[in-house]
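Top to bottom, those sequences are chains A and B. Here the first sequence stands for residues 1 to 243, where the numbers follow my numbering. Here the second sequence stands for residues 244 to 470, where the numbers follow my numbering. Just so it is clear, CB atoms sit at the ideal spot from N, CA and C, and this is done for glycine as well. Source: prediction; values computed, not measured. Heads up: the structure comes next, in structure tokens.
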Amino acid sequence: MITIRNVSLVYPNGFQALKDCSTSVEKGEVIVVCGPSGSGKSTLIKCVNGLEAFQQGEITVDGISVGDPKTNLPRLRSRVGMVFQHFELFPHMTIIDNLTTAQVNVLGRTKEEAIERGYKLLDRVGLRAHAPKHPGQLSGGQQQRVAIARALCMDPICMLFDEPTSALDPEMINEVLDVMVELAREGMTMMCVTHEMGFARKVAHRVIFMDQGQIIEDDKKEQFFGSPRSERAQQFLSKILSH
Amino acid sequence: MYEFDWSSIRPGLPFLWTGMKTTLYITVTAMVAGVALGTVLAVLRMSKSRLLAWMSAAYVNAFRSIPLIMVLLWFFLLMPALIERLLNVPRHADTRLTSALVAFSLFQAAYYAEIIRAGIQSVAAGQQGAALALGMSNGQAMRIVILPQAFRNMAPLLLTQTIILFQDTSLVYVSALADFFGVASIIGTRDGRQVELYLFAGAVYFLVCFALSSLVKRWQDRLKGHA
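Printed below as a string of structure tokens:
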């Protein structure tokens, strides 16, 4: 579904955010990407739908090259769901409008179809009653569930999560993870940047560990949590799992 | 001691009102045209194309570096010749209002553009990312997601700029166009009561601008309260 081959990215200020990264995500696979902050995880995931432009290497999604200037990026992005650390709901729209605007303006659905689909997904994340509200009236956890529903409205072929719980208060993390776990169990192809190792243990197939712009480990979950090969990953795990 | 005589004002009110209508007409037209052109300039200024960004910056800097009264005079002097060329209208046609409208719109656009650019930049970058990630084009992201938020953030500033514009319209005086100030001047000269008429005109400008400014201030406080 997603292949990443030898991708490197250097920011205009000269900082090399990604160095020769390669991996792939099969259909139905759930991949967790972790690593210390500044290791390039978010950059890597943003390259997958072309929100960040990489200079070297190739990324394909469903066989379509992301870096190819001839690729219709908006069309490709409309098929790849993305959830952000800070939710990024549109604050000037109601919740239901947040869910319908791209369906209408990008997919060309009718307003009625879009609303129907929107309510279906709000039901799914348990927030139908909040449809007429504005994002500012919802808690962080609720906003993030809306953001997931908004991405799902587009009927994506895979979902990208960029630290979806790291801006949330602790008591709200689980309501978001529950939605993600359910999605994973239904067979959605997912690439998740997260430090939630409980989530990784529960549903991930593979875990990628990054440090300083490089993919250090790319293991089956059992191996990653059992005996990661690199010392750096072992250190990282011992730090975040010690409490 | 000067003896005030306000008796010219009451009979002059209908005439003063026609002048005020001209003032408001220029203000509103220049605001609408200025905000529209200013939005285009702001978007161009942030464009990836160096040339477009440079052209927009040059326009804004040029107009912000020239006194408004000169812009008005140039258009007042140039417009008749231009219109004659383009539209085949005889030279003596009255182009004072048209030239004032064009001059104010172009001039204001430069100031609005800077406000709008700041407004666009005040919308978090993540919003654009979210819009693009949903498959929107750059234009859609701007139109559907960024500009509505930007305009909401900068509405008070735009209105403040419009209050300045409302005052500046009195400069059409140089082309002897009968705006509110022009009419006050005409009545004052006719009746030998310039002091009274200018005081009255000043009071009206003050009241309108002060009322609008208070409105802006309350609006700003409310926006802050929401943030």
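The region 167 to 197 of chain A: positions lying closer than 8 Å to chain B by Cβ: Those residues of the region 167 to 197 of chain A that come within reach of chain B (Cβ to Cβ, closer than 8 Å) do not exist; the list is empty.
Interface partners of S380/B on chain A, CB under 7 Å: Those within 7 Å of S380/B in chain A are P74.
8 Å Cβ shell around P36/A - same chain, five flanking residues per side excluded: Cβ within range, chain order: D211, F236.
Near the ligand MN: S428/B beta-carbon under 7 Å from a heavy atom: Absence of the ligand MN is noted for the structure shown, with no ligands found whatsoever.
H92/A at chain B interface by Cβ criterion, 8 Å: Output row for H92/A: interface = yes.
Proximity winner among K460/B, E246/B, T270/B, R436/B, relative to L349/B (alpha-carbon distances): Residue T270/B is the option with its Cα nearest to L349/B.
Closer than 7 Å at the beta carbon, the chain B residues around A102/A: What A102/A touches in chain B: L377, G378, M379.
Rounded distance between the beta-carbons of A151/A and M82/A, thought under 8 Å: Their Cβ separation, rounded to whole angstroms, is 6 Å, which keeps M82/A and A151/A in contact under 8 Å.
Straight-line gap, Q463/B to Q56/A (C-alpha atoms, nearest Å): Spanning the alpha carbons of Q463/B and Q56/A requires a straight line of approximately 47 Å.
Buried versus exposed, by CB contacts within 10 Å (16 or more), Y245/B: Exposed.
Environment of G431/B [buried if 16+ CB atoms lie within 10 Å]: By the neighbour-count rule (16 or more Cβ atoms within 10 Å), G431/B is buried.
Neighbour flag for N49/A against chain B, beta carbons, 8 Å: By this cut-off, N49/A is an interface position.
CB contact flag (I173/A, P135/A, <8 Å): Judged by beta-carbon spacing, P135/A lies beyond the 8 Å limit of I173/A, meaning their Cβ atoms are not closer than that value.
Stretch-stretch touch, CB-based, cutoff 8 Å, three pairs: the region 388 to 404 of chain B with the region 414 to 424 of chain B: The region 388 to 404 of chain B vs the region 414 to 424 of chain B: no contact.
Cβ separation of G50/A and R77/A, assumed to be a contact under 8 Å, to the nearest whole Å: Contact annotation, G50/A with R77/A: C-beta distance approximately 7 Å; criterion of less than 8 Å satisfied.
Entirely enclosed alpha helix (DSSP H) segments - the region 109 to 190 of chain A, minimum 4 residues: The region 109 to 190 of chain A contains these whole alpha helix (DSSP H) runs: 111 to 124, 140 to 152, 170 to 185.
Own chain partners of L280/B with C-beta closer than 6 Å, once the 5 adjacent residues on each side are dropped: Non-local C-beta neighbours of L280/B in its own chain, meaning closer than 6 Å and more than five positions away in sequence, comprise A352, ordered along the chain.
Chain B within 8 Å of E88/A, Cβ atoms only: It does: the Cβ of E88/A has a partner Cβ on chain B nearer than 8 Å.
A470/B versus R5/A - alpha carbon distance: For A470/B, the predicted structure reports a pLDDT of 48, less than 50, and the residue's modelled location is therefore unreliable. The matter cannot be settled from this model.
Own chain residues within Cβ distance below 8 Å of S380/B, not counting five before or after: Scanning its chain for C-beta atoms nearer than 8 Å, with the 5 sequence neighbours on each side dropped, one finds no residue around S380/B.
Segment contact, 8 Å Cβ cut-off, at least three pairs: the region 434 to 451 of chain B with the region 373 to 392 of chain B: At 8 Å Cβ cutoff, the stretches do not touch.
M274/B - DSSP class collapsed to helix/strand/coil: M274/B: helix per DSSP, three-state reduction.
Proximity winner among A427/B, K291/B, F306/B, T341/B, relative to W249/B (alpha-carbon distances): Out of A427/B, K291/B, F306/B, T341/B, A427/B has the C-alpha closest to the C-alpha of W249/B.
Closest by C-alpha distance to M274/B, when choosing among D411/B, R461/B, F258/B: Residue D411/B holds the alpha-carbon nearest to the alpha-carbon of M274/B among D411/B, R461/B, F258/B.
Rounded separation between F409/B and F453/B - CA only: CA-to-CA, the gap between F409/B and F453/B works out to about 12 Å.
Beta-carbon contacts of L221/B that lie in its chain and below 8 Å, excluding the five residues immediately before and after: Because chain B here runs from 244 to 470, residue 221/B falls outside it and cannot be looked at.
First and last residue of the uninterrupted beta strand (DSSP E) at A17/A: In the DSSP assignment, A17/A falls within the unbroken beta strand (DSSP E) covering 16 to 25.
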